[in-house]
Amino acid sequence: MAGPFPPARPRPPGLVAFERARAEVLAGVRPLGAREYALAETHGLVLAEDVAAPEDLPPFANSAMDGFAVRAADVAGASAQRPRRLALRGAVYAGTREPVKVEPGGAARITTGAPLPPGADAVVPLEQAEVVEADPDAEGAAGTGQAVLIRQAVPERGFVREAGEDVPVGTVVLRAGQVLEPAAIGMLAAVGRPRALAHPRPRVAVVATGDELVEPGLPLRPGQIRDSNAVMLAAQARAAGAEAMILPRLRDEPAALRAGFALACAEADAVVTSGGVSVGERDHTGQVLEQLGVRPWRVAMQPGMPQAFGLLGEVPMFGLPGNPVSSFVVFELLVRPALRRIAGHPADRLDRPRVAARLAEPVRSPPGRTSFLRVTLTGAPGALEARLTGPQGSGVLSSCVAAGGLAVVPADADSLPAGAEVEVVVLRQAPGWGG
Ligand code: AMP
Ligand code: MG
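For what it's worth, this note's numbering labels the leading residue of the sequence shown as 11, then goes sequentially.
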C-alpha cells in the first residue's frame, strides 16, 4: 500500500479481532440524553420512557358500525323473513352526546364511533335494517315518527367496541427503547400524549481527506479522482437514523486536518473521516487523529483493516480508510451500530440482521481476518444463495452497488467451497422476504 516509499511511521502493533473492535467501539459511545419532542417530530426516534395509558382506549363503549342501537333481546330471532319492528327514537352521532335512551321496543340510529346510548346493548348494521314510516297503532306517534325493520338478530354487545377494549387504563403501551414508527406515534396520540421523551438523532459530521479528491461536477485534472465517500458516508449515516452534514474536504496537511477535525467536533455528536489512516507517506489523517488522542488500529477485517477510533473530548471519531469499499463496509459494521447506540437503540438492535445462506461459488479470505464479501442474495430465507457481486477489490465500488448483503467468512477460514453455509449481513431485504 505504501508502494516504494518507506512507511512514514511504524505500523501500530497487532491486529484487533473484528468482534473485539466492535465491542470497544460500542463501549466507547453512549446514548445522547433524552429530550421532549412534539409527536410530529418523533418519527424514527427511540423512545426514552415507558408510556402508560392514563385512560381507557377507547374511552367509552361505542358502535363498531353505522346502524341502529338496539336491545339484543328485542331482536332475538329476527330474520329476513321475520323482521322485528322497532320504534326509531332518535340518532346518536360520533362526536355528539345526544340524550337518546333506548327503551324496550325502541332503537336509535348510530354512526361508527358514537357512544352506545343508555338502554341499548347491541348494534345492528345498517345493511340488516330498513327504515319505514311508523305505524301509529304499533309504535305510536312519539319520537321520529319512523320505525326500523331489523332483519338479523345480534348477540348482546354485538358490534359494540367496549371501553378499554384496545388498551385498558394503566396499561404500558410503549416501552423505552421502542422505535417511534408510525403506529407507535399514533398510539402516543391515542392515549393523549402531545409530546414524548426520546433520544435525539445523532448529528454526524462527515469529512473526506485527500489531496486527490475532487467534487463531482468539477473537471478532473490528471491524478485526481472524485470524492465518492463523503456523500456515500453521509447517506449511510442517514440510513442509520442520524442527521448527517458534509464538512469541507481536507487536504493531506496536518495543520488543515487539525483545524478541520476541531471544527467537526464542535458541530457534531460523532465525526466520520475518510482517508489517510493507512501507512502511506501522505497518510496524515491517522497521525493527526493520534495526536488528538484518537487511536489508530488495525482491525482484522477485509476490507477496511486500517482505521482509527477514539473520543475527541466527548465526541467519538471514526477514521475510516479511503478506499470506497473499505469505507462503506467499515461504516456498516462498526460505525452504524455505534450511531444506533448513540441514538438510544438497545443492544440487540444495533447491528443489521444476519441470515444464513449457501455460497454459490468458492471464496477466499486472507488468513486471520474476517472477510465481508459483497454478495447478492437470491431465494427465500431458509434457502438463500449468496453470489459475489464481482471483483472484491477494496476500490471496486460497483461491488457495493449491487450488494444485498455482506457474506461473513470467519477469521479462521482462508477459503470456503461452493455450497458452504455462511452468515450474511443483510443490507437490503429482497422482494419476497415479506419484509
Ligand atoms: P487512503 O486511505 O487515503 O490511503 O486512500 C485509499 C484509496 O482510496 C486511494 O486510492 C484514494 O484515492 C481513495 N480515496 C480516498 N478518499 C476517497 C474518497 N473520499 N472518495 C473516493 N476515493 C477515495
Ligand atoms: Mg489518502
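Glycine included, each C-beta is placed from N, C-alpha and C at the ideal position.
Residue i CB to nearest heavy atom of ligand 1 below 7 Å
| i | result |
| --- | --- |
| residue 235 | yes |
| residue 304 | no |
| residue 287 | yes |
| residue 334 | yes |
| residue 1 | The requested residue 1 does not occur in the structure, where the chain is confined to residues 11 to 445. |
| residue 240 | yes |
| residue 387 | no |
| residue 223 | yes |
| residue 284 | yes |
| residue 331 | yes |
| residue 405 | yes |
Residues near residue i in its chain [Cβ-Cβ closer than 6 Å; skip 5 each side]
| i | result |
| --- | --- |
| residue 31 | 309 |
| residue 212 | 252, 279, 280, 349, 352, 353 |
| residue 264 | 294, 298 |
| residue 26 | 307, 309 |
| residue 355 | 56 |
| residue 371 | 428 |
Expected contact under 8 Å - CB spacing of residue i and residue j to nearest Å
| i | j | result |
| --- | --- | --- |
| residue 335 | residue 434 | Wrong, their Cβ atoms sit about 17 Å apart, outside the cutoff. |
| residue 52 | residue 208 | 6 Å |
| residue 386 | residue 348 | Actually they do not touch by this definition, with Cβ atoms about 27 Å apart. |
| residue 168 | residue 133 | 7 Å |
| residue 450 | residue 313 | Nothing in the structure corresponds to residue 450, since the chain is present only between 11 and 445. |
| residue 428 | residue 369 | 6 Å |
| residue 171 | residue 68 | 6 Å |
| residue 323 | residue 304 | About 11 Å separates the two Cβ atoms, so there is no contact after all. |
| residue 284 | residue 243 | 6 Å |
| residue 199 | residue 49 | 6 Å |
Own chain partners of residue i with C-beta closer than 7 Å, once the 5 adjacent residues on each side are dropped
| i | result |
| --- | --- |
| residue 186 | 57, 58, 59, 60 |
| residue 85 | 94, 134, 160, 163, 164 |
| residue 63 | 177, 179, 180, 181, 183, 201 |
| residue 103 | 121, 124 |
| residue 44 | 58, 207, 208, 209 |
| residue 47 | 55, 205, 206, 208 |
| residue 166 | 82, 131, 132 |
| residue 275 | 281, 322, 323, 325 |
| residue 13 | Model confidence at residue 13 stands at a pLDDT of 40, short of 50, so the residue's coordinates are unreliable and nothing is read from them. |
| residue 402 | 383, 384, 409 |
| residue 35 | 319, 344, 348 |
| residue 333 | 313, 404, 405 |
| residue 392 | none |
Close beta carbons around residue i, own chain, < 8 Å, minus the five adjacent residues each side
| i | result |
| --- | --- |
| residue 112 | 79, 80, 81, 99, 118, 127, 128, 129, 130 |
| residue 440 | 387, 388, 414 |
| residue 416 | 339, 342, 343, 382, 383, 384, 385, 434, 435, 437 |
| residue 21 | Any answer about residue 21 is weak, because its pLDDT of 43 lies below 50 and its placement is not dependable; what the coordinates show is given next. Answer for residue 21: 289, 308, listed in chain order. |
| residue 157 | 95, 96, 97, 98, 141, 142, 143, 144, 145, 148, 149 |
Short Cβ contact (8 Å threshold) for residue i with residue j
| i | j | result |
| --- | --- | --- |
| residue 286 | residue 296 | yes |
| residue 163 | residue 115 | no |
| residue 125 | residue 72 | yes |
| residue 96 | residue 160 | yes |
| residue 225 | residue 233 | no |
| residue 398 | residue 373 | yes |
| residue 326 | residue 38 | yes |
| residue 240 | residue 266 | no |
| residue 421 | residue 362 | no |
| residue 394 | residue 367 | yes |
| residue 28 | residue 311 | yes |
| residue 107 | residue 246 | no |
| residue 261 | residue 254 | no |
| residue 430 | residue 375 | no |
Distance cut-off 7 Å: residue i Cβ against heavy atoms of ligand 2
| i | result |
| --- | --- |
| residue 292 | yes |
| residue 296 | no |
| residue 220 | yes |
| residue 60 | no |
| residue 262 | yes |
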